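Going by our numbering, 220 is the number at position 220 of the sequence shown; the sequence numbering is gapless. To start, the structure under review is shown below, and the notes come after it.
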Amino acid sequence: MQIPQPIKEIIELLEKEGYEAYVVGGCVRDSIMRLPAHDYDIATSALPLETKRVFSFCRIIETGIKHGTVTVLYKGSCVEITTFRVDGDYTDGRHPQSVDFSAKLIDDLSRRDFTVNGIAYSHLRGFYDPFYGARDITLKIIRCIGDPEKRFSEDALRILRALRFAAVLGFEIEEKTKAAIFSHKSDIKRVSKERIFAELKRLVCGEYVKNVILEFSEVFAEIIPELSAEIGYEQGSKYHNSTLLEHTARAVDAAPREVHLRLAMLFHDIGKPLCRTVDENGECHYYGHAAISAKISDGILRELKCDNALRERVCEIVRLHDMPTEPDEKFIRKQLSKRGYELFRDILYAKMADDSAKIPEAEERIPLLLKTLKLAEKINDEQPCLSVRSLAVNGNDLKAFIPPSAAMGGVLARLLDEVVEGTLENEKTALLSRAREIYNENDL
Ligand code: ATP
Ligand code: MG
């Protein structure tokens, strides 16, 4: 395994003082999978004060010291060095009562969640893999270390971590681990909303999210109760060939792996069961479902303590996901002016994901959506005038013939409409003379 030079040096400095030190957890897993590792966590037999002493020549951040973590600023990067630990009893389903330090690596690895996360490595000592994590990486299996029932009852966040690793890495969850996930799913409510949402965001961006949503729909329903109505829901519509949850999972899968788009697809039809009507031919319709779904999404995201910017962005996409669009320059210009390029682009992405999760005929609409997207990109690149601020005149220019009043805003808005429409040039003389006309004509 390759580890960066500064990390090797930290391990060597600790070993030189008589302590054991290893890289552990995610970076070992990722490196065995030949994925880029993002951060290297070090575990050591040195107690926090001993680690501090070894690195007394470095800047040290002490925030995690109670839990055994000393953060060392070494050669420009922050590295977390944590003393081997054994967790005490868990009483609240999330946090151990106490954390005891240990001199043994095996204790530290035993408290970790999954075999694939329980491997230690040092370039001086090699791999230590008592739970056969490397084998499970090769087999692509997420398996609890120890008794799954006990591990999930200790900390229910591990349930979502298991689903997240399955969705991101494409691993299967081992049978006993899976059974324990289902039997402990209701414990998730004891986990803080912030932590749940942090995992959910990573989970939905996984390349293999579709099967996780379908296989663990009951776990999703614990986090998002509104989703349970989608499970097994027959849509009774000629555009669809799967249940509402299957359609949703396919749509999430088809969306670009950006969190706002993935969440929008997860919620886009969540209000459908509330607005079903059946026509005389027995065909079902869901008029107004986008607006209702947006409202429900807003409630869910507030409950999950989502930040406002992301919540608003997701809800707008949900609200507008079934608006009609066309690859027409004038139409697109108006949309860009009204909604901004980013939102319009997101709506098109959502529509494509939605259509690719319906009957094959619906997929035929995708080329038109792509054409619309290309045109929107082109128009946006030309930096057209799409807001009052980018008009070649402003209120000051119009003051000569329009007294300060509400009329001023009205005239500017009309000028913008006409420029966006393409019937008026964004040029000062033309705008001034048209402004005069509008003002006089309308007797504003
Ligand atoms: P990534 O950084 O990609 O999210 P990771 O496995 O490094 O993956 P972290 O949250 O950084 O995840 O945790 C580091 C290590 O700590 C994990 O690999 C695992 O060994 C252990 N760990 C983290 N959370 C838990 C938990 N809730 N229960 C048991 N062990 C955990
Ligand atoms: Mg990590």
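Note that the Cβ used here is the ideal one computed from N, Cα and C, for glycine as well. Please read all numbers here as calculations on a predicted model, not as lab measurements.
Item to check | Sheet register partners of Ala-120 (DSSP bridge) | outcome: Val-24, Tyr-128
Next on the checklist: Does Lys-272 pass the burial test, meaning 16 or more other C-beta atoms within 10 Å, or should it be called exposed?
Outcome noted: buried
Checklist entry - What residue does the beta strand (DSSP E) around Ile-81 start on, and which one ends it? => result 77–83
Checklist entry - Tell me which same chain residues have a C-beta within less than 7 Å of the C-beta of Tyr-132, skipping the five on either side of it? => result Thr-115
Checklist entry - If we ignore side chains and look at the alpha-carbon of each, how far apart do Ile-213 and Pro-367 end up? => result 28 Å
Next on the checklist: Closer than 7 Å to a non-hydrogen atom of ligand 1 - does that hold for the CB of Arg-143?
Outcome noted: no
Checklist entry - Any heavy atom of ligand 1 within a distance shorter than 7 Å of the CB on Arg-158? => result yes
Checklist entry - Between Leu-386 and Pro-256, what straight-line distance do the alpha-carbon atoms span, to the nearest angstrom? => result Near 27 Å, if we compare the C-alpha coordinates of Pro-256 and Leu-386.
Next on the checklist: Among the candidates Asp-92, Glu-421, Arg-389, whose CA atom is the shortest distance from the CA of Leu-412?
Outcome noted: Arg-389
Checklist entry - Is any heavy atom in ligand 1 found nearer than 7 Å to the beta carbon of Arg-34? => result no
Checklist entry - Between Ala-264 and Ile-300, is the Cβ-Cβ spacing less than 8 Å? => result no
Checklist entry - Can you name the start and end residues of the alpha helix (DSSP H) that Ile-270 belongs to? => result Counting along the chain, Ile-270 falls outside any alpha helix (DSSP H), and DSSP gives it neither H nor E.
Checklist entry - Quick one: Cα of Arg-333 to Cα of Val-420, how far? => result Using only the alpha carbons, I get a separation of about 6 Å.
Item to check | Closer than 7 Å: Asn-117 CB and nearest ligand 1 heavy atom | outcome: yes
Next on the checklist: Going by C-alpha to C-alpha distance, which of Ala-435, Thr-429, Thr-372, Glu-425 sits closest to Pro-403?
Outcome noted: Ala-435
Checklist entry - Counting Cβ pairs, one atom from each stretch, are 3 or more of them under 8 Å apart for the region 185–205 and the region 153–160? => result yes
Checklist entry - Hey, Val-219 and Ile-181: beta-carbon distance below 8 Å or not? => result yes
Next on the checklist: Using DSSP's beta-bridge definition, name the partner residues of Cys-144.
Outcome noted: Phe-114
Item to check | Close Cβ partners of Thr-44 (< 8 Å) along its chain, the five nearest in sequence each way excluded | outcome: Leu-14, Tyr-19, Glu-20, Ala-21, Tyr-22, Thr-51, Ile-81, Thr-82, Thr-83, Phe-84
Next on the checklist: Distance check for Glu-194 and Lys-295, CA to CA, integer angstroms please.
Outcome noted: Their backbone Cα atoms lie some 21 Å apart in a straight line.
Checklist entry - Mapping DSSP to helix, strand and coil, what is Ile-386? => result The sequence as given places Leu at residue 386; Ile does not occur at that position. Coil at Leu-386, not helix or strand.
Checklist entry - Does DSSP put Leu-47 in a helix, a strand or coil? => result coil
Next on the checklist: Below 8 Å, how does it come out for the region 330–345 and the region 223–232: are there three or more Cβ pairs, yes or no?
Outcome noted: At 8 Å Cβ cutoff, the stretches do not touch.
Item to check | Touch test, the region 204–211 against the region 242–255, Cβ-Cβ under 8 Å, three pairs minimum | outcome: yes
Item to check | CA-to-CA distance, Asp-41 to Val-24, given in whole angstroms | outcome: 6 Å
Checklist entry - Would Thr-71 be called buried (16 or more neighbouring beta carbons within 10 Å of its own) or exposed? => result buried
Checklist entry - How would you call Arg-151, buried or exposed, if buried means at least 16 neighbouring beta carbons within 10 angstroms? => result buried
Item to check | Residue interval of the beta strand (DSSP E) (run including Tyr-74) | outcome: 69–74 is the span of the beta strand (DSSP E), which, as asked, contains Tyr-74.
Item to check | Pairwise C-alpha distance: Asp-113 and Gly-93 | outcome: Straight-line Cα distance between these residues: approximately 14 Å.
Next on the checklist: Can you tell me where the beta strand (DSSP E) holding Ile-61 begins and where it ends?
Outcome noted: For Ile-61, the uninterrupted beta strand (DSSP E) segment begins and ends at 59–61.
Item to check | Limits of the unbroken alpha helix (DSSP H) element including Val-99 | outcome: Not the alpha helix (DSSP H): Val-99 falls in the beta strand (DSSP E), residues 99–101.
Checklist entry - Going by the beta-carbon positions, is the gap between Thr-177 and Ile-142 smaller than 8 Å? => result yes
Next on the checklist: Restricting to runs no shorter than 4 residues, where is the alpha helix (DSSP H) found entirely within the region 136–194?
Outcome noted: Whole alpha helix (DSSP H) segments, 4+ residues: 148–154, 157–169, 175–183.
Item to check | Rounded distance between the beta-carbons of Glu-326 and Thr-372, thought under 8 Å | outcome: 7 Å
Item to check | Spatial distance of Pro-117 from Glu-175 (CA atoms) | outcome: What sits at residue 117 in the sequence shown is Asn, not Pro. Distance between the alpha carbons of Asn-117 and Glu-175: 18 Å.
Checklist entry - Would a C-beta distance cut-off of 8 Å place His-260 and Asp-346 closer than the cut-off? => result yes
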